[in-house]
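Residue numbers (full-length UniProt numbering): 1 to 154.
The beta-carbon is built from N, C-alpha and C at its ideal position, and this holds for glycine as well.
Quick caveat, the model's predicted, so the values are computed rather than measured.
Below you'll find the structure, written out as structure tokens, and then a few comments.
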């Protein structure tokens, strides 16, 4: 339950926005991703953009600006990788990216190999080359969990 209580949980909004043809929906994980998302929205000339933001006080992901810039513009990127070969892939959007990283660290401490992917923009990721998609979400990692605060119909 969020800061506004149980009557203010717009879990259906992501599915509704993503169902709108030609709508670019971006759900950034932190302030750094939000900065790039704003740039993407302002640069877009042919596509309306919805930025889905949180009011939560989140920890910023610790990545170089260039990595975040490329990752958000391409729609998804790796934000955590165990030293051990990954057997699990956690894919998250928005505020749930921090939860996914925390869960990955717990699994890592148990000797499990984990990769976490932040996917702020499904639409942009879908337009990337097969090689880029494979580099972010390898077909070799078959145990995958998507984490997003939303209705399961989206």
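Rounded to the nearest angstrom, the gap between the Cα atoms of residue 104 and residue 59 is 16 Å. Each residue's CA atom was taken as its position, placing residue 76 and residue 107 some 22 Å apart.
Using a Cβ-Cβ distance cut-off of 8 Å, the segment 18-28 and the segment 41-54 are in contact, since at least three pairs of beta carbons, one from each stretch, lie closer than that value. Annotation: the continuous alpha helix (DSSP H) that includes residue 43 extends over 31-43. When the beta-carbon positions are compared, residue 89 and residue 147 stay at least 8 Å from each other.
When beta bridges are read from the DSSP output, residue 132 appears opposite no residue.
Beta-bridge annotation (DSSP): residue 90 is paired with 116, 145. Assignment of beta-bridge partners to residue 49 by DSSP yields 24. By a beta-carbon distance limit of 8 Å, residue 24 contacts residue 44. Their separation comes to about 6 Å.
If you draw a straight line from the Cα of residue 21 to the Cα of residue 124, it is about 14 Å long.
The Cβ atoms of residue 68 and residue 97 do not sit closer than 8 Å to each other.
CA-to-CA, the gap between residue 101 and residue 47 works out to about 31 Å. Cα atoms of residue 118 and residue 110: separation of roughly 22 Å, rounded to the nearest angstrom. Contact check for residue 150 and residue 17: beta-carbon distance about 10 Å, past the 8 Å limit, so the pair fails to qualify.
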